[in-house]
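In our numbering, the protein residues as written are 1 to 239.
Here is the structure we will look at.
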């Protein structure tokens, strides 16, 4: 069953690289990565709950743990959004601070559950390390539509991200609905990240370094940076 593993690795690499490039452009921060606003920690908490509680879902082709991880990832970002929103605006600095704070809190909860989980600790740690060893067509069928849909949405906003690199106020004056773009890109990047980490665990490094490599090779234009991040991330993860 090597083909599902290869396809899933490509999807995960593409998703994390694209999400990293999106977050770096959205927050105008070269150190931003897909896990900056608590996605990984939320997914980890959901996965840990799946390991600790006697929950099963083999009738759908895989265990219930990935579904709980996905729900945890999306829920954590929803909480960050609610905490960071000020009126009708979403300050990027506040989003980062709220994400880091919530991530630290969820990380502490995960650590406590690991310590008290007994026999489930080994499975939890294995999931947290990230692995494609159990990949199957069932996982590919679930991850693929989320990654494709999220990628399609993000690629439509390459020009908007270029304009937003100047300043949010200037971007607004140039006709960009900044708050709408931030909400859409935040949601799409979170969706593909959550789908990726739910089945394979937290894969580090890819989301932060691949966009920088692509930027060095093809420049900072997001109309090229985003699609090349997808391609480079997929190739990197497969190889």
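A virtual CB, placed ideally from N, CA and C, is assigned to each residue, including glycine.
Alpha carbon to alpha carbon, what distance is there between residue j and residue i?
i, j, result
"residue 149", "residue 110", "30 Å"
"residue 171", "residue 164", "5 Å"
"residue 35", "residue 70", "13 Å"
"residue 139", "residue 174", "42 Å"
"residue 218", "residue 116", "48 Å"
"residue 213", "residue 135", "28 Å"
"residue 216", "residue 206", "15 Å"
"residue 89", "residue 120", "42 Å"
"residue 181", "residue 155", "12 Å"
"residue 22", "residue 234", "16 Å"
"residue 75", "residue 84", "14 Å"
"residue 122", "residue 128", "10 Å"
"residue 227", "residue 141", "22 Å"
"residue 187", "residue 92", "14 Å"
"residue 189", "residue 77", "11 Å"
"residue 124", "residue 44", "9 Å"
"residue 2", "residue 151", "24 Å"
"residue 118", "residue 105", "22 Å"
"residue 60", "residue 179", "Residue placement at residue 60 is flagged as unreliable, the pLDDT there being 45, under the threshold of 50; a coordinate-derived value is accordingly withheld."
"residue 96", "residue 126", "28 Å"
"residue 98", "residue 82", "9 Å"
Report the CB separation of residue i from residue j in whole angstroms; it is logged as a contact under 8 Å.
i, j, result
"residue 26", "residue 191", "Not confirmed; about 14 Å, so no contact."
"residue 208", "residue 20", "5 Å"
"residue 221", "residue 162", "6 Å"
"residue 243", "residue 46", "Only positions 1 to 239 of the chain appear in the structure, and residue 243 is not among them; the question remains open."
"residue 237", "residue 87", "About 40 Å separates the two Cβ atoms, so there is no contact after all."
"residue 153", "residue 14", "Residue 153 to residue 14, Cβ: 14 Å. No contact."
Output needed for residue i: all residues of its chain with C-beta closer than 6 Å, excluding positions within five of it in sequence on either side, in chain order.
i, result
"residue 200", "12, 130, 132"
"residue 183", "none"
"residue 65", "47, 50"
"residue 107", "41"
"residue 94", "84"
Whose CA, out of the options, lies closest to the CA of residue i?
i, options, result
"residue 144", "194, 155, 224, 125", "194"
"residue 229", "33, 103, 83, 167", "33"
"residue 80", "126, 102, 89", "102"
"residue 38", "14, 64, 100", "100"
"residue 256", "159, 89, 65", "There is simply no residue 256 to check, as the chain begins at 1 and stops at 239 in what is shown."
"residue 28", "166, 189, 187", "166"
"residue 223", "65, 157, 78", "157"
Is residue j closer than 8 Å to residue i when the C-beta atoms are compared?
i, j, result
"residue 203", "residue 8", "no"
Ordered along the chain, which non-local residues of its own chain (more than five positions away) have a Cβ less than 7 Å from that of residue i?
i, result
"residue 113", "48, 52"
"residue 24", "30, 32, 211"
"residue 232", "17, 210, 213, 214"
"residue 40", "197, 202"
"residue 137", "4"
"residue 6", "238"
Residues in the same chain with beta-carbon distance under 8 Å from residue i, minus the five sequence neighbours each way, listed in chain order, please.
i, result
"residue 169", "none"
"residue 68", "46, 47, 49, 50, 55"
Within the 8 Å Cβ cut-off, does residue i reach chain C?
i, result
"residue 134", "This model lacks chain C altogether; it includes just one protein chain."
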